[in-house]
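> In terms of our numbering, the sequence shown has 272 at position 193, counting the first letter as 1, and numbering is strictly consecutive.
Dropping a structure here in structure tokens format, bear with me for questions.
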Amino acid sequence: MATVSGFVEKIKYRNEENGYSVLSVASEGEEYILVGTFASVEEGEYLSASGVMKLHPVYGEQLSVESYEIRIPEDRESILRYLSSGAVKGVGKTLAKRIVKKFKNDTLRILEEEPERLAEVKGISERIAAEIGAQIEEKQEQRKAVLFLTRYGISMQLSVRLYRQYGEGIYSIIRDNPYQLADDVTGIGFKIADEIAAKAGILADSDFRVRSAILYCLNQAASQGNVCLPLAELKERAEQLLGIGDCRLETILPDLQMDRRVVVKRDMAYLASLYYTELNTAAMLRDLDLRLREEGGETDAAIREIEKEEGIQLDELQKQAVAAAMCSGLLLVTGGPGTGKTTTINAIIRCFEKQDAEILLAAPTGRAAKRMSEATGREAKTIHRLLEITGAPEEQKADGAGKAGEWKSGDWNGMHFEKNELSPLEADCVIIDEMSMVDLKLMCALLKAVTPGTHLVLVGDANQLPSVGAGNVLKDMIAADCFPMVQLKRIYRQAAESDIVVNAHKMIDEEQIDLSKRSRDFLFIRQDSPEGITRAMLTLVREKLPKYVGAKPMELQILTPTRKGPLGVEALNRALQEVMNPPGQGRDERELAGILFRTGDKVMQIKNDYERGVYNGDIGVLRNINRFAETLTVVFDGRPVEYSYGDAEELELAYAVTIHKSQGSEYPAVVIPMWPGPRLLQTRNLIYTAVTRARRCVVLVGRPETFFEMVGNTRELQRYTGLTDRLKELCG
């Protein structure tokens, strides 16, 4: 631990939101650079700071500050230096000299205790004296509050934010109900509030604590995809979290309902915001379900004309889908790979174009939208872009809790859509692809922007993984059986020649798959150890598959169910990086957010970033590391995007990615390790999703029994939702 004491010569950088600063401090004739979170430190002040000396590759030695204190200048020269620095607004060098000349060594006491006496100095009115006094008092109060909060284990950075939000009220909140912090403050959830409450002496069975725990459990459930929880499960989760025998759910829940934070419906508990989102979604779907015109010869003639023009032959189900799209306000089109969903979408588009209709195409992710554009030859956007998302995103709660009674998806917190019920989409037909990925909140936002009378066509494969966010919209709509739906079943001749397509359907139909069969595009390589699997996958991606499928090694993708373990994303990416992009040869590298990044690396964007125009799942190549500017440049589809070092947490290596992250994407070839793991991550819809990401070839490497166990495991992670019930209630 090192200590530096001296005057703050210059504040080189300050984040006004959280207090993080870079300071230049003069001490005994030397200049020191201090970095850390500081509450109201100003140029000219004297501070004593302790921390760890670290060597920055560009800026040299720096003190990473862990604790500090502001010391009051004691001599006249130090006081003059402090006041002349501009630390007090309105006081410059000339005025500072007059103040110190008037009050000498008593200057700081006058500033703190009798600021009205500053009016005795020439050039200072009573109003200015009062303003200076208020400034000094504010700085003192903030420092006092930050010191108070750090005693409860709250970081300096968070303490600054809390004081700025609550001011003097923070003392009563900590004393009476620290759980209010979990309701109000992004960055504090139940767990942090609970630690503070324990230090403040709040009882373990306090009503405040139980209420906060219930809301936390519902938020956690939402982050796991659930819209609601059975009361019995909510009680069990809350009691386990609280560590008490009885959480008094029966008495606490009515209070939360009275406060409009929770809704209880048929023995299911919802966060109020999610319940009304679900209810509104059901109501808007019902309102869109209109018979807009009768089917007839006009549509049949248009279909025959399209078949002739495009040189295609639609089957009866595809024709039904096109006809239903033309005469229905709402249509579901489902089907597995190779069943002609893209051909059907194109036929629907052509039919509407013959009527000079305005058509909009969208998908949940950037990669899915790009695939839709390639398949249709028309512009497709992400749903967020279609709805014109705008605003500055908030950070997600540190331990998963949103504000009380409110679920925040984390992807577009603090943002809103310009397109809504007041400014709807101007279109005759809206087609959404990859509907299995659309969560409840996004679906509700989309429906607000679609007016009754517009044709809404929803296309998806219900056997794929559900959305990351809360809800199971596509499956719930299918289960409700309230709307026109066409399920495409026929596998087309060209698709039927692919064992990828044939075996994907066999998985769903529970038919036996022969792994010993010689196949051009569905291969199994047996390996009996994680090390053997890793070596085989490295050889495939680097040497064998690129020539076989006519693609570059970086275009191929390893997909794995897990993040951890010897065959998880983290271990595989480290191994692949060393082979695919080894150190040396002029490649720069930098460790950021726990990941070693190297120029030339294949990287993935792991959250939607609307300002940069890159989205969760987008894959690019790291082209440059600028150590002076502390930035990374990643090229996505030919477009360079710059990240600060601090934003590197939005990126991770992508030589291997989880199957969940691959949703909506396609790759020339996919390699999948087959090794035992957690049963909840060894499911049929997971392996089905992975296999159907491959265009030309899929290679499974490992134990055959693991593959068969996954195909036989139809138990998906239970999602609690109520959309099916809401639809049945509203639609009869």
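Beta carbons: idealized from backbone N, C-alpha and C, even for Gly.
1. Let me know the alpha helix (DSSP H) ranges lying completely inside the region 414-444, each 4 residues or longer, listed in chain order.
2. Measure the alpha-carbon distance for Leu814 versus Ala261 and round it to whole angstroms.
3. Give a yes or no on whether the C-beta atoms belonging to Lys568 and Leu396 are separated by under 9 Å.
4. Answer yes or no: do Leu553 and Met586 have a C-beta to C-beta separation smaller than 9 Å?
5. Taking a contact to mean a Cβ-Cβ separation below 9 Å, would you say Leu701 touches Thr678 in this structure?
6. Taking C-beta to C-beta, are Val179 and Ile158 nearer than 9 Å?
7. Have a look at the DSSP bridge pairing and note the partners of Ser515.
8. Using the three-state DSSP reduction, which class does Thr618 fall into: helix, strand or coil?
9. Provide the residue span of the alpha helix (DSSP H) that contains Thr530, from first to last.
10. Measure the alpha-carbon distance for Gln42 versus Gly548 and round it to whole angstroms.
11. Three-state secondary structure (DSSP) at Pro609?
12. Can Thr421 and Ala459 be called in contact, C-beta distance under 9 Å?
13. Please look up how many angstroms separate the CB atoms of Val306 and Thr800, rounded, as I've assumed it's under 8 Å.
14. Are Leu635 and Pro531 closer than 9 Å when you measure CB to CB?
15. Closest to Leu228 by C-alpha separation, out of Ile189, Ile275, Ile203 and Thr771, would be which residue?
16. Helix, strand or coil for Thr793, going by three-state DSSP, please let me know.
17. Can you tell which of Ala208, Ser204 and Lys201 has its C-alpha closest to the C-alpha of Glu192?
18. Tell me whether the beta-carbon of Ala224 lies closer than 9 Å to the beta-carbon of Glu247.
19. Can you name, in chain order, every residue of its own chain whose Cβ lies under 6 Å from the Cβ of Ser488, other than the five neighbours on each side?
20. Of the choices Lys168, Phe287 and Ile323, whose alpha-carbon is the least far from that of Asp334?
21. Hey, could you find the ends of the beta strand (DSSP E) Val780 is sitting in?
22. State the DSSP-derived secondary structure class of Gln475, mapped to helix, strand or coil.
23. Could you pull out every residue in the same chain whose Cβ sits closer than 6 Å to the Cβ of Leu594, ignoring the five residues on either side in sequence?
24. Bridge partners for Arg370 per DSSP, in chain order?
25. Based on the DSSP secondary-structure assignment, which residues constitute the bridge partners of Tyr245?
26. Ignore the nearest five residues each way along the sequence and tell me which others in Ala361's own chain have a CB closer than 7 Å to its CB.
27. Take Arg411 as the anchor and find which of Met451, Ala447, Val509 and Thr461 has the nearest alpha-carbon.
28. Would you mind giving the Cβ-Cβ distance between Pro416 and Ala574, rounded to the nearest angstrom? I have them listed as a contact below 8 Å.
29. Could you check the C-alpha separation between Pro640 and Leu759 for me, to the nearest Å?
30. Which partner residues does Arg666 have in the DSSP bridge list?
31. I need the straight-line Cα distance from Leu149 to Asp325, nearest angstrom please.
32. Have a look at Val401 and Cys430 and give me their C-alpha separation to the nearest angstrom.
33. Report the CB separation of Met683 from Ala733 in whole angstroms; it is logged as a contact under 8 Å.
34. For Thr469, which option in His495, Tyr694, Ser452 and Ile253 has the closest C-alpha, if you only look at C-alpha atoms?
35. For Glu744, count neighbouring Cβ atoms within 10 angstroms of its own Cβ and tell me buried if that reaches 16, exposed if not.
36. If I follow the unbroken alpha helix (DSSP H) through Met132, where does it start and stop?
Working from what's here:
1. Positions of the alpha helix (DSSP H) runs, each at least 4 residues long and wholly inside the region 414-444, are given as 420-433 in order along the chain.
2. Look at the range of the chain in this structure, 80 to 811, and you will see that residue 814 is not part of it.
3. yes
4. Pairing Leu553 with Met586 gives a Cβ-Cβ distance that is not under 9 Å.
5. yes
6. yes
7. Under DSSP, Ser515 forms no beta bridge with any residue.
8. helix
9. Counting along the chain, Thr530 falls outside any alpha helix (DSSP H), and DSSP gives it neither H nor E.
10. Coverage of the chain is limited to positions 80 through 811, which leaves residue 42 absent and any answer about it impossible.
11. helix
12. no
13. 4 Å
14. no
15. Nearest option by C-alpha distance: Ile275.
16. coil
17. Ala208
18. Yes; because the gap between Cβ atoms is below 9 Å, this pair is in contact.
19. Annotation note: pLDDT 46 at Ser488 (below 50); position unreliable, coordinate value reported separately. Contacts found: Lys520 and Gly548.
20. Phe287
21. Ala773 to Gly781
22. Its pLDDT being 38, under 50, Gln475 is placed unreliably by the model, and the measurement read from it follows with that caveat. Judged by DSSP in its simplified three-state form, Gln475 adopts coil rather than helix or strand.
23. Excluding residues within five positions, the ones whose Cβ falls inside 6 Å are Phe603 and Pro783.
24. Ser407
25. Beta-bridge pairing links Tyr245 to no other residue.
26. Leu802, Arg805, Leu806 and Leu809
27. Residue identity check: residue 411 is Leu in the sequence provided, not Arg. Of the listed residues, the one whose Cα sits closest to Leu411 is Val509.
28. 7 Å
29. 10 Å
30. Note: Arg666 sits in a beta bridge opposite Gly663.
31. Residue 149 is actually Ile in this sequence, not Leu. Approximately 48 Å between the Cα atoms of the pair.
32. Between Val401 and Cys430, the C-alpha separation is close to 8 Å.
33. 4 Å
34. His495
35. It should be noted that the sequence gives Ser, not Glu, for residue 744. Label assigned to Ser744: buried.
36. Per DSSP, Met132 belongs to no alpha helix (DSSP H); it is in the beta strand (DSSP E), Tyr125 to His135.
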